[in-house]
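Before any comments, here is the structure.
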Ligand code: GUN
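Numbering (the numbering used here), first residue to last: 23 to 306.
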């Protein structure tokens, strides 16, 4: 079994991005990310802190907009429009979730597609579906980087994705399809789940339920990617996979923490640098 070291790979990617960021600085270009958070979600606070730390590491400037939970849709859209126009800002990220009374879809589609480093704008999602160059949502993109690094070829493989969120499951479908995998997406209404997962060469779980993926659901020598970040009663973080029992049956597995999580943030940094280069006419 190979334990996939997402932390190490993310570190390597960040070190390379730092070199690119320094080169940009030498040309007088300071890459900058703006992050918007609305309300007081405790998980979001941790994610946002990690993003700001990663920016610091790579040398990307970082600007945070913490909005009160009483913020109106008009105020949120107004801020996004202001950031769209601000030429010093290369990437805009609206941390989800936001309070229920706000329309997150409208907010995401207000972010300029050129600054949409999360890859959530319908134009960028559409480009991914059409297999055109775009900003790919960071978690699916990080998983594709793991496959590249560990020489896991998706061509012709049965990939089973658990979860169909807009942030992870849906973009993953297209990332895998674009690499010629045979893709099956399962979700809460799927019947005979075990019969499907047992045939998977690669299982990617993004459902947010601790210990959901059990050893009898997994084929021998499969690849298991665990996107789950679940907090147990004792405060420990665990993934969706029953890691202790599954690990000895499979060829590759990601740990939680230290697997997919750090890759998500590394790919966000990658997208910010890419946005900066694009906006400065250095790449298409
Ligand atoms: N909330 C949970 N994951 C993410 C993410 O990748 N991007 C944003 N914007 N919000 C999130």
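We treat Cβ as the ideally placed atom computed from N, Cα and C, and that holds for glycine.
Everything numeric in this text was worked out from a predicted model, so none of it was measured.
For residue i, the three-state DSSP class (helix, strand or coil)
| i | result |
| --- | --- |
| residue 272 | coil |
| residue 114 | strand |
| residue 226 | strand |
| residue 158 | coil |
| residue 307 | Residue 307 is absent from the model: the chain starts at 23 and stops at 306. |
| residue 235 | strand |
| residue 142 | coil |
| residue 280 | coil |
| residue 66 | helix |
| residue 132 | helix |
| residue 108 | coil |
| residue 163 | helix |
| residue 49 | coil |
| residue 121 | coil |
| residue 289 | helix |
| residue 364 | The question about residue 364 has no answer, for the chain in this structure spans 23 to 306. |
Option in the options with minimal Cα separation from residue i
| i | options | result |
| --- | --- | --- |
| residue 24 | 118, 174, 38 and 213 | 174 |
| residue 187 | 210, 79, 112 and 179 | 210 |
| residue 122 | 277, 61 and 299 | 61 |
| residue 243 | 45, 286 and 179 | 179 |
| residue 228 | 165, 177, 220 and 272 | 165 |
| residue 118 | 70, 249, 266 and 192 | 70 |
| residue 216 | 260, 236 and 197 | 236 |
| residue 132 | 95, 266 and 162 | 95 |
| residue 256 | 232, 304, 182 and 89 | 232 |
| residue 102 | 151, 157, 134 and 72 | 134 |
| residue 250 | 161, 291 and 170 | 161 |
| residue 77 | 287, 296 and 266 | 287 |
| residue 91 | 120, 114, 81 and 109 | 120 |
| residue 181 | 170, 171, 195 and 172 | 195 |
| residue 137 | 98, 271 and 57 | 57 |
| residue 299 | 75, 68, 113 and 265 | 113 |
| residue 84 | 303, 305 and 294 | 294 |
| residue 128 | 100, 289, 73 and 108 | 100 |
| residue 29 | 302, 280 and 106 | 280 |
| residue 278 | 262, 34 and 291 | 262 |
Whole-number beta carbon distance between residue j and residue i, since they are thought to touch under 8 Å
| i | j | result |
| --- | --- | --- |
| residue 31 | residue 167 | 7 Å |
| residue 190 | residue 199 | So it is not a contact: roughly 15 Å between Cβ atoms. |
| residue 282 | residue 276 | 6 Å |
| residue 98 | residue 124 | 6 Å |
| residue 176 | residue 203 | 4 Å |
Bridge partner(s) assigned by DSSP for residue i
| i | result |
| --- | --- |
| residue 101 | None; residue 101 has no bridge partner. |
| residue 59 | 88 |
| residue 83 | 54 |
| residue 208 | 184 |
| residue 247 | 226 |
| residue 260 | 252 |
| residue 25 | 275 |
Near ligand 3: residue i beta-carbon under 7 Å from a heavy atom
| i | result |
| --- | --- |
| residue 118 | For the structure depicted, ligand 3 is absent and the ligand set comprises only ligand 1. |
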